[in-house]
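K.L.:
In this note's numbering, the protein residues as written are 21 to 125.
Don't be surprised by glycine CBs; every beta carbon is placed ideally from N, CA and C.
Owing to the predicted nature of the structure, the values given are computational and were not obtained by experimental measurement.
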Amino acid sequence: MVVKCRFIPKGICVNLFGSYWARDISWIDKYVINHERIHTAQQRELLFVPFYILYVIEWLVRLVQFRNRHDAYMNISFEREAYANGDNLDYLPNRKLFAWRHYLR
21 MVVKCRFIPK
31 GICVNLFGSY
41 WARDISWIDK
51 YVINHERIHT
61 AQQRELLFVP
71 FYILYVIEWL
81 VRLVQFRNRH
91 DAYMNISFER
101 EAYANGDNLD
111 YLPNRKLFAW
121 RHYLR
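(1) Which stretch, first to last residue, makes up the beta strand (DSSP E) that contains residue 24?
(2) In this structure, does DSSP put residue 41 in helix, strand or coil?
(3) Using 7 Å as the threshold, is the C-beta distance between residue 100 and residue 123 below it?
(4) Taking one C-beta from the region 76 to 92 and one from the region 54 to 66 each time, how about it: are there three or more such pairs within less than 8 Å?
(5) Verify the CB distance criterion: does residue 122 have a CB-CB separation below 7 Å to chain C?
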């Protein structure tokens, strides 16, 4: 379920503790939902709060590395896993625990 929220920037879907938030839901399709479900799996295996802490820390490291917010975001291991497998609707049932670690570099 996607919650409409006017405080979320346009064109962005935010996963907060397994619920999806977006300003406009017209662009949300089964592949975006799959991407977000991958994030929910990541959050669960890290017990939610540590996921957000690691996410921010890795984003800051990548920001220093790439000196660009978008490139930093696209190179976060959690995002790399979700983008690499978002189009594969059979990914989650076969996903191994802590699969995001394979996307660290």
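P.N.:
Taking the coordinates as given:
(1) Taking the sequence shown and counting its residues from 1, one reaches residue 24 at position 4. Counted as a single uninterrupted DSSP element, the beta strand (DSSP E) harbouring residue 24 occupies residues 22 to 24.
(2) Within the sequence shown, residue 41 is the residue found at index 21, counting from 1. Note: residue 41 maps to strand in three-state DSSP.
(3) Counting from 1 along the sequence shown, the entry for residue 100 is found at position 80. Counting from 1 along the sequence shown, the entry for residue 123 is found at position 103. Yes. Within cutoff.
(4) At 8 Å Cβ cutoff, the stretches do not touch.
(5) Given the protein chain composition of this structure (a single chain), no chain C is represented.
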